[in-house]
Amino acid sequence: MVRASIKIKELSADEAEARLDELAYVLKDAVESGASVSFLLPFTIEMGRAFWRKVITAVHDDAAVLLGAILRGKLVGTVQLRLDTPANQQHRGEVVKLLVHRQARGKGVGRALMQELEKSARSRGRVLLVLDTHEGSPASGLYRSLGFACAGTVPGYAQLPLGGVGDTSVYYKDLRPVVPRPTKAKPTTRASTRPSGSAKKVARKRPTR
Ligand SMILES: CC(C)(COP(=O)(O)OP(=O)(O)OC[C@H]1O[C@@H](n2cnc3c(N)ncnc32)[C@H](O)[C@@H]1OP(=O)(O)O)[C@@H](O)C(=O)NCCC(=O)NCCS
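Each residue of the sequence shown is one higher than the one before, starting from -8 at the first, in this note's numbering.
Pasting the structure below:
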């Protein structure tokens, strides 16, 4: 029911500006929930606005794609695909700030945002996704369930808003389609043990039944 009514939308710089306060509230809620998303408490709406203004500039400069999850007209979640990678990594995109407001969690919003982000990355030729996240958080379970692999964990990487220090893992996902390996032909005749060129010739000469 809720899943069906979630709309995932790519926000232009102007649309993001119009939703600046909603974005700031979603970020503030995440920090207050204890999520490891770069900030500590106390965290104000003005700090949130300042963060999103930088993101809006990146969207304007085509350095980031910003997705918003809209539920009954209200922004309840967001994620970004950063495109500002070095010249030799233009096939790669970075997933940052996947956030869902606590009131909307557990309803498929995070998964829907990530699925749309993957589509968006593919359409831009970004076939390798990379991200880092607090190990053991709900987010790490979501990324694993979406097929992301863990490259490794750095212990004590970041301070947590509610106290303590958390480990951070780097995850990646290769979006290229898997090409099945050719299966080896079963040796059926003595000829088939010859180098492949000769074996093919013999096979082609076989009479059809
Ligand atoms: C991580 C987050 C975005 C998930 O959003 P969500 O809308 O609640 O996620 P979904 O309902 O789509 O759930 C998707 C999957 O996430 C995992 N998940 C979600 N909530 C979970 C929880 N409380 N505990 C464990 N796993 C959880 C599950 O694998 C779930 O799949 P399932 O429903 O098939 O079991 C949300 O919890 C959040 O905003 N957290 C704070 C910010 C944060 O940590 N962001 C990540 C920064 S890298």
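Here a beta-carbon is modelled for each residue, glycine too, at the ideal position from N, C-alpha and C.
> What first and last residue would you give for the alpha helix (DSSP H) that runs through Ala15?
Replying inline: Leu11 to Glu23 is the span of the alpha helix (DSSP H), which, as asked, contains Ala15.
> Asp123: beta carbon under 8 Å from a heavy atom of ligand 1?
Replying inline: Checking every heavy atom of ligand 1 against the Cβ of Asp123, one is found closer than 8 Å.
> Run through DSSP, which three-state label would Gly116 get?
Replying inline: Collapsing the DSSP output to three states places Gly116 in coil.
> By Cβ distance, which residues of its chain are closer than 7 Å to Thr199, with the 5 residues on each side in sequence left out?
Replying inline: Note on Thr199: pLDDT 39, under 50, position unreliable in the model; the coordinate value appears next. Within the same chain, Thr199 has no close Cβ partners at all.
> So which of Ile36, Gly25, Gly97 and Gly101 has the shortest CA-CA distance to Leu137?
Replying inline: The option with the nearest alpha carbon to Leu137 is Gly101.
> Nearest-angstrom Cα distance between Leu89 and Pro178?
Replying inline: One C-alpha to the other measures close to 53 Å.
> Taking the C-alpha atoms as reference points, what is the distance between Gly99 and Ala176?
Replying inline: Rounded to the nearest whole angstrom, the C-alpha separation of Gly99 and Ala176 is 45 Å.
> Can you tell which of Gln80, Lys45 and Tyr134 has the C-alpha that lies nearest to the C-alpha of Val161?
Replying inline: Minimum Cα distance to Val161 is reached at Tyr134.
> Closer than 8 Å: is that where the CB of Gly39 sits relative to any heavy atom of ligand 3?
Replying inline: As presented, the structure is devoid of ligand 3, carrying ligand 1 as its sole ligands.
>> Can you determine whether any heavy atom of ligand 1 sits closer than 8 Å to the C-beta of Arg102, and answer yes or no?
In response: Correct: Arg102 has its Cβ closer than 8 Å to ligand 1.
> Using DSSP with H/G/I as helix, E/B as strand and the rest coil, what is Arg96?
Replying inline: Three-state DSSP puts Arg96 in coil, outside helix and strand.
>> I'd like to confirm something about Leu153: is its beta-carbon nearer than 8 Å to some heavy atom of ligand 1, or not?
In response: Leu153: no, Cβ never under 8 Å from ligand 1.
> Helix, strand or coil: which one does DSSP assign to Lys45?
Replying inline: Lys45: helix per DSSP, three-state reduction.
>> Can you tell me whether Arg117 sits near ligand 1, meaning its C-beta is under 8 Å from at least one heavy atom of the ligand?
In response: Arg117: no, Cβ never under 8 Å from ligand 1.
>> Please classify Ile(-1) as buried or exposed, where buried requires at least 16 other C-beta atoms within 10 Å of its C-beta.
In response: Counting the other Cβ atoms within 10 Å of the Cβ of Ile(-1) gives 16 or more, which makes it buried.
> So does the segment 45 to 57 actually touch the segment 72 to 89, counting three or more Cβ pairs closer than 8 Å?
Replying inline: They touch, by the three-pair rule.
> In the DSSP assignment, what are the bridge partners of Arg73?
Replying inline: Looking at the DSSP output, Arg73 shares a beta bridge with Ala55 and Glu85.
>> I want to check one thing, is the minimum distance from the CB of Gly132 to the heavy atoms of ligand 1 below 8 Å?
In response: Gly132: yes, Cβ under 8 Å from ligand 1.
>> Short of 7 Å in beta carbon distance, which residues of its chain neighbour Ile47, apart from the five on each side in sequence? Order them along the chain.
In response: Closer than 7 Å at the Cβ level, and outside the excluded window around Ile47, lie Ala4, Ala7 and Glu8.
>> Does the distance between the C-beta of Lys19 and the nearest non-hydrogen atom of ligand 1 fall short of 8 Å?
In response: No, the Cβ of Lys19 stays beyond 8 Å of every heavy atom of ligand 1.
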